[in-house]
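>
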Amino acid sequence: MHPASADWERVQVRNDDSVVLEVRYGGVSVVLPGDIGMAVEPAVSAALGAAGWLAVKAPHHGSAGSSSAGFLRSSAPCLAVVSAGRSNPFGHPAPEIVDRYRDVGARVVNTGRGGAVVLETDGRRVEVWQGGRQVAADCARRPH
14 MHPASADWER VQVRNDDSVV LEVRYGGVSV VLPGDIGMAV EPAVSAALGA AGWLAVKAPH
74 HGSAGSSSAG FLRSSAPCLA VVSAGRSNPF GHPAPEIVDR YRDVGARVVN TGRGGAVVLE
134 TDGRRVEVWQ GGRQVAADCA RRPH
């Protein structure tokens, strides 16, 4: 989904040059946005197709410079996975970002608190596991 081919090679790579992937299986979409910030999020939102169930890995580990309100309203994720180490020196995830995901109805799981996250799907139903226990399942999609 991002970046465009002509933009890829730079002398100094920036967070906004992160590769953004959308993985789809049936009606389930998982968005992996790397370390993009708010400047790139509108283009990613515009490229997302309709999905029955959407999970997003919180951009840039849930930093305050990512996960804009517009990105979250347009993508309407069911699940947000924050990939950040326990007690990391950057304070990720930013509390206001966690609140922003919760405000749009997303279940938030944090690898720094519960370890690896496993998402299982058959393309219709979804189960999310962390630490050997189920932490989330199907959610009702909200209109974009």
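In case it helps, our numbering puts the sequence shown at residues 14 to 157. No residue lacks a Cβ here, since even glycine has one placed at the ideal position from N, Cα and C. Computed from a predicted structure; not experimentally measured.
1. Pop quiz: Q95 and T124 are said to be a contact at Cβ under 8 Å. What is the actual Cβ separation, rounded to whole angstroms?
2. Tell me the rounded alpha-carbon separation between P156 and A89.
3. Identify which residue in R137, D151, G144 and R99 has its Cα closest to the Cα of Y38.
4. Could you tell me the distance, in whole angstroms, from the CA atom of A63 to the CA atom of N28?
5. Quick one: which unbroken beta strand (DSSP E) runs of 3-plus residues sit fully inside the region 69 to 95? Chain order, please.
6. Look up S100 in the DSSP assignment and say whether it is helix, strand or coil.
7. Give me, in chain order, the residues of the same chain whose beta-carbon lies closer than 8 Å to that of R120; leave out the 5 immediate sequence neighbours on both sides.
8. So, with DSSP's three-state summary, where would you put S31?
If we stick to the structure as given:
1. According to the sequence as given, residue 95 is Val; it is not Gln. Sure, about 7 Å apart at Cβ, within 8 Å.
2. Annotation note: pLDDT 43 at P156 (below 50); position unreliable, coordinate value reported separately. Rounded to the nearest angstrom, the two C-alpha atoms are 8 Å apart.
3. R137
4. 26 Å
5. 92 to 95
6. coil
7. C91, L92, A93, V141, V148, A149 and C152
8. coil
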